[in-house]
Amino acid sequence: LRSDIKLIASGKILTGFHMLRALALGADVCASARGMMLAMGCIQSLRCNNNTCPTGITTQNPALVYGLHVGDKSERVRRFQSGTLHGFLELLGALGLEHPDQLEPGHVFRRVDDLRIRNLAEIYDFLEPGQLLSDDTLPDGIRREWDRARADRWNFDAEQGLHGGRAIRETETR
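Position 47 of the sequence shown, counted from 1, bears residue number 47 in the working numbering, the numbering being contiguous throughout.
Encoded structure:
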């Protein structure tokens, strides 16, 4: 099944390192909306859905769009994207790799506390093809979540949730 699905990583993909980490963890493609918005001049005023964006980026209001010069902004986005890809390729080369397909979780390191550094292969459990098809091969690290998963919904009803082995009362969820 994995060969038929393309995994797209998005959300706080701003730098070449963010791309490298996402691809090392198994993503096929990275998407960066926030990075492009910032490159255009977004100041994160959180007015995108109100048609009152002060920079004119996310509005149809002619008075606010006035200062938005497409030629200038498109060049800024191009330079940002080019720099991001350049940084990614520099990191890839520093690892001695020639292609992103060669990236593995063991190539990326993370500080886990003041004294220890671990690579992503040491921090996370990764699945082998077919590993979720049988209870015998299900990794212990995800067994609880797997047993609680439902095909008909994404969340659990509060009255069915557990807290310390007991049912959660409505007053505890507020």
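Note that the Cβ used here is the ideal one computed from N, Cα and C, for glycine as well.
Original post:
Closest to lysine 12 by CA distance: which of Pro62, Pro139, Asp28, Ala33 is it?
Top reply: Reading the sequence shown from its first residue, position 12 is the one you call residue 12. Proximity to lysine 12 across Pro62, Pro139, Asp28, Ala33 peaks at Ala33, based on C-alpha coordinates.
Subject >> Cβ pair count under 8 Å reaching 3, the region 15 to 23 against the region 87 to 98 >> reply: They touch, by the three-pair rule.
**OP:** Mark histidine 99 as exposed unless 16 or more other C-beta atoms lie within 10 angstroms of its C-beta, in which case mark it buried.
**Re:** Taking the sequence shown and counting its residues from 1, the one referred to as residue 99 is at position 99. Answer is exposed; the Cβ neighbour count stays below 16.
Original post:
In its own chain, which residues sit with a C-beta less than 7 Å from the C-beta of arginine 174, not counting the 5 before and 5 after it?
Top reply: Taking the sequence shown and counting its residues from 1, one reaches residue 174 at position 174. With a pLDDT of 47 at arginine 174, under the threshold of 50, the predicted position of this residue should be treated as unreliable, and no value is reported.
Original post:
For asparagine 51 versus threonine 59, is the C-beta distance shorter than 7 Å?
Top reply: For the purposes of this step, residue 51 is taken as residue 51 along the sequence shown, with counting starting at 1. For the purposes of this step, residue 59 is taken as residue 59 along the sequence shown, with counting starting at 1. Yes, the Cβ-Cβ distance between asparagine 51 and threonine 59 is below 7 Å.
Original post:
What's the C-alpha gap between arginine 79 and glutamine 131?
Top reply: Counting from 1 along the sequence shown, the entry for residue 79 is found at position 79. Counting from 1 along the sequence shown, the entry for residue 131 is found at position 131. Within the model, the alpha-carbon separation for arginine 79 versus glutamine 131 is close to 43 Å.
**OP:** Specify the secondary structure class of histidine 99 as computed by DSSP and reduced to three states.
**Re:** Counted from its first residue, the sequence shown places residue 99 at position 99. Here histidine 99 sits in coil by DSSP.
**OP:** Figure out for me which residue from Tyr124, Leu68, Asp113 has the closest Cα to the Cα of isoleucine 142.
**Re:** On the sequence shown, position 142 is the one that residue 142 refers to. Tyr124 is the residue among Tyr124, Leu68, Asp113 whose C-alpha sits nearest the C-alpha of isoleucine 142.
Subject >> Buried versus exposed call for glycine 96 [16 or more other C-beta atoms within 10 Å across all chains shown] >> reply: For this step, residue 96 is matched to residue 96 along the sequence shown. That one is exposed.
**OP:** Pull up the distance between the alpha-carbon of histidine 107 and that of phenylalanine 126, whole angstroms please.
**Re:** Residue 107 sits at position 107 when you count from the first residue of the sequence shown. Residue 126 sits at position 126 when you count from the first residue of the sequence shown. Whole-angstrom Cα-Cα distance: 14 Å.
**OP:** Quick one: measure Cβ to Cβ for glycine 41 and threonine 84, integer angstroms, because I've assumed they're closer than 8 Å.
**Re:** On the sequence shown, residue 41 is found 41 positions in, with the first residue counted as 1. On the sequence shown, residue 84 is found 84 positions in, with the first residue counted as 1. Rounded to the nearest angstrom, the Cβ distance from glycine 41 to threonine 84 is 17 Å, too far for a contact under 8 Å.
Original post:
Name the DSSP bridge partner or partners of arginine 110?
Top reply: Taking the first residue of the sequence shown as position 1, residue 110 is located at position 110. Note: arginine 110 sits in a beta bridge opposite Arg118.
Original post:
From what residue to what residue does the alpha helix (DSSP H) around aspartate 147 run?
Top reply: Working through the sequence shown from its first residue, we reach residue 147 at position 147. Where aspartate 147 is concerned, the enclosing alpha helix (DSSP H) stretches over 140 to 148.
**OP:** Locate the alpha helix (DSSP H) running through glutamine 81, then write down its first and last residues.
**Re:** Residue mapping note: residue 81 aligns to position 81 of the sequence shown, counting from 1. Glutamine 81 -> alpha helix (DSSP H) spans 70 to 94.
Original post:
Where alanine 63 and isoleucine 43 are concerned, what is the direct C-alpha to C-alpha distance, given to the nearest angstrom?
Top reply: Along the sequence shown, one-based indexing puts residue 63 at 63. Along the sequence shown, one-based indexing puts residue 43 at 43. A direct Cα-to-Cα measurement between alanine 63 and isoleucine 43 gives close to 18 Å.
**OP:** Along the alpha helix (DSSP H) that carries arginine 21, what are the first and last residues, could you check?
**Re:** Indexing the sequence shown from 1 puts residue 21 at position 21. From DSSP, the alpha helix (DSSP H) with arginine 21 extends over 16 to 24.
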